[in-house]
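Novice: Below you'll find the structure I mean.
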Amino acid sequence: MLEVKDLHVTAEGSEILKGLSLTINAGEVHAIMGPNGAGKSTLSAVIAGKDGYEVTKGSITFEGQDVLEMEIEERARAGLLLGFQYPVEIPGVKNIYLLKAALNAKREAEGLGEIPAPEFMKLIKEKVASMKMDTSFLQRAVNEGFSGGEKKRNEILQMLVLQPRLAMLDEIDSGLDIDAMKVVADGVNSLRAEDRAILLVTHYQRLLDYIVPDRVHVLVDGRIVKSGDAALALELESRGYDWVQEESAA
Ligand code: ADP
Ligand code: MG
Ligand code: MG
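Residues 1 to 250 (UniProt numbering) are what the sequence shown spells out, left to right.
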C-alpha cells in the first residue's frame, strides 16, 4: 500500500531523514519508535505533505501513485491522513463543521454527494459516543480550549469519521492518563481493517500494550535501524535505544 524508498529529507538546511525505507501493506499496523529528534514526526509529516521539508532523494508511493507529486489536499483525498493535519486551533470554526466539510470533501473525491444531514448526525453521534466524548464537544471551536486528552480524542474522532486508507497518528499517547489512553487505543483498534493501514509514531512502548502492532521499526538518526514484531517494542522498553544504535553501527 505504502512504499517509502531511500527517503532523504532536509529542513532548514539540515538533513533529517537519511535514506529511510519502509513498506506498509494494507491491513497492517506499524509502529515507528525511536529517541527524541530521530525524525519520526518528520516522516509522517512528509508523507502527509506538510510544508517546510525538502525531499532531496528517494520516493514515496501509495497504491502505485507518486505521493511526492501530489498536493496536500490530494493526499488527504486519496486517504492519506495525518492526525492534527488540520490546524491545531481554528477559532470560531465549530468542530462539527470541520468534520462535515472534511467528510464531504472526501465524498466528493469518491464521486458521492454531500452526506444527508440525518445520516451525518447518526454517524457522528455514534462515533462521539464510542470515544466517550460529550456531544457538546461538537459545538465548540476546533481544539479551542481543549485539554491535551480532548485533543487526542478529537484526533481519533476525525479518523473514525473520515475512515482514511492510511491513518498516521503521531504521539497520540503523550499526556494521556491510563483511562483516556484506553479510549484512544480502542478507537484506533476499531480502525483496523483489511483495506486500511495504520502508522503509529510513538516514543513510548506503553501504547503498544493496547494497540498491538504487526511491525515495529526503530528510527534512529534519520534511518530505520531495526525492524521486528511487537516483541521488539517490549525489548526497547526494557533495554532502551542505545543497544540498537550500537548494533546497527557495528
Ligand atoms: P522526532 O519526532 O523523532 O522527535 P522530529 O522529526 O520532530 O523528531 O525532528 C527530527 C530533527 O529534525 C530534530 O532535530 C528537529 O529539530 C529537526 N526538525 C524537525 N522539523 C524541522 C523543521 N521544520 N525545520 C528544521 N528542523 C526541523
Ligand atoms: Mg520530537
Ligand atoms: Mg515527534
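Note that CB positions come from ideal geometry on N, CA and C, so glycine has one too.
To which residues does DSSP link S59 through a beta bridge?
Specialist: As a position in the sequence shown, residue 59 is number 59, starting the count at 1. DSSP, once it has assigned bridges, lists K5 as partnering S59.
Novice: Take the Cβ of K122 as the centre, count every other Cβ of all protein chains shown within 10 Å, and call the residue buried at 16 or more, exposed below.
Specialist: Mapped onto the sequence shown, residue 122 falls at position 122. By the beta-carbon neighbour count (other beta carbons within 10 angstroms, threshold 16), K122 is exposed.
Novice: CB-CB under 7 Å to P87, same chain, minus the five flanking residues each way: which ones, in chain order?
Specialist: Translated into positions along the sequence shown, residue 87 becomes position 87. Legend: pLDDT at P87 = 47, less than 50; position of this residue unreliable, no value from coordinates given.
Novice: Which residues does DSSP list as the beta-bridge partners of T23?
Specialist: Locating residue 23 in the sequence shown gives position 23, counting from the first residue. Its beta-bridge partners are E3.
Novice: Can you find a heavy atom of ligand 1 that lies under 7 Å from the Cβ of E60?
Specialist: Walking along the sequence shown from the start, residue 60 turns up at place 60. In the sequence on display, residue 60 carries Ile and not Glu. It does not: the Cβ of I60 is nowhere closer than 7 Å to a heavy atom of ligand 1.
Novice: Closest by CA to R196, which one among R215, P164 and H203?
Specialist: Counting from 1 along the sequence shown, the entry for residue 196 is found at position 196. If you compare the alpha carbons of R215, P164 and H203 with that of R196, the shortest gap goes to P164.
Novice: Run the CB neighbour count on S44, radius 10 Å, all protein chains shown included, and call it buried at 16 or more, exposed below.
Specialist: Here residue 44 refers to the residue found at position 44 when the sequence shown is read from its first residue. By the neighbour-count definition (other C-beta atoms within 10 Å, threshold 16), S44 is a buried residue.
Novice: Between G19 and R223, how many whole angstroms is the CB-CB distance? I'm expecting something under 8 Å.
Specialist: Here residue 19 is taken as the residue at index 19 of the sequence shown, counted from 1. Here residue 223 is taken as the residue at index 223 of the sequence shown, counted from 1. So it is a contact: roughly 6 Å between Cβ atoms.
Novice: By Cβ distance below 8 Å, which residues in the same chain neighbour V46 in space, the five residues on each side in sequence not counted?
Specialist: As a first step, residue 46 must be located in the sequence shown, where it is residue number 46. Excluding positions up to five away in sequence, the list reads L7, V9, L17, Y53, V55 and I60.
Novice: Do the segment 25-33 and the segment 185-203 meet, that is, are 3 or more Cβ pairs less than 8 Å apart?
Specialist: yes
Novice: Going residue by residue through the segment 184-208, where are the continuous beta strand (DSSP E) segments of at least 3 residues, counting only ones entirely within it?
Specialist: List check, beta strand (DSSP E) in window: 197-201.
Novice: Which of helix, strand or coil does DSSP assign to P87?
Specialist: Against the sequence shown, residue 87 aligns to sequence position 87. Its pLDDT being 47, under 50, P87 is placed unreliably in this model, and the coordinates cannot settle the point.
Novice: Restricting to Cα atoms, I'd like to know which of L191, G228 and N25 is closest to I211.
Specialist: Locating residue 211 in the sequence shown gives position 211, where the first residue counts as 1. For I211, the nearest C-alpha among the options comes from L191.
Novice: Within 7 Å: the Cβ of I16 and any heavy atom of ligand 1?
Specialist: By 1-based counting over the sequence shown, the position of residue 16 is 16. True, at least one ligand heavy atom lies under 7 Å from that Cβ.
Novice: When we look at the beta-carbon of L82 and count the other beta-carbons within 10 Å, is it buried (16 or more) or exposed?
Specialist: Against the sequence shown, residue 82 aligns to sequence position 82. Buried is the call here.
Novice: Less than 7 Å between the CB of T42 and some heavy atom of ligand 1, yes or no?
Specialist: Here residue 42 refers to the residue found at position 42 of the sequence shown. Checking the Cβ of T42 against ligand 1 gives yes.
Novice: Which residue spans inside the segment 117-188 form an unbroken alpha helix (DSSP H) run of at least 4?
Specialist: Given a length threshold of 4 residues, each whole run of the alpha helix (DSSP H) inside the segment 117-188 is given here in chain order: 117-130 and 148-162.
Novice: Identify the continuous alpha helix (DSSP H) that holds K226 and give its terminal residues.
Specialist: By one-based count along the sequence shown, residue 226 stands at place 226. K226 -> not in any alpha helix (DSSP H); beta strand (DSSP E) instead, spanning R223 to G228.
Novice: Is the beta carbon of V220 sitting closer than 8 Å to the one on A233?
Specialist: As a first step, residue 220 must be located in the sequence shown, where it is residue number 220. As a first step, residue 233 must be located in the sequence shown, where it is residue number 233. Going by C-beta atoms, V220 is not nearer than 8 Å to A233.
Novice: Just to confirm, are R206 and D173 a CB contact at a threshold of 8 Å?
Specialist: Taking the sequence shown and counting its residues from 1, one reaches residue 206 at position 206. Taking the sequence shown and counting its residues from 1, one reaches residue 173 at position 173. Their beta carbons are under 8 Å apart, which means R206 touches D173 by this criterion.
Novice: Could you spell out the range, first to last residue, of the alpha helix (DSSP H) harbouring I47?
Specialist: Taking the sequence shown and counting its residues from 1, one reaches residue 47 at position 47. Run containing I47: K40 to A48, per the alpha helix (DSSP H) assignment.
Novice: Distance check for A105 and residue 251, CA to CA, integer angstroms please.
Specialist: Since the first and last residues shown for the chain are 1 and 250, residue 251 lies out of range.
Novice: Which residue marks the beginning of the beta strand (DSSP E) containing I32, and which one marks its end?
Specialist: Residue numbering aside, residue 32 sits at position 32 when the sequence shown is read from its first letter. Note, I32: beta strand (DSSP E), V29 to M33.
Novice: How about the segment 174-190 and the segment 147-157: do they share at least three Cβ pairs that are nearer than 8 Å?
Specialist: yes
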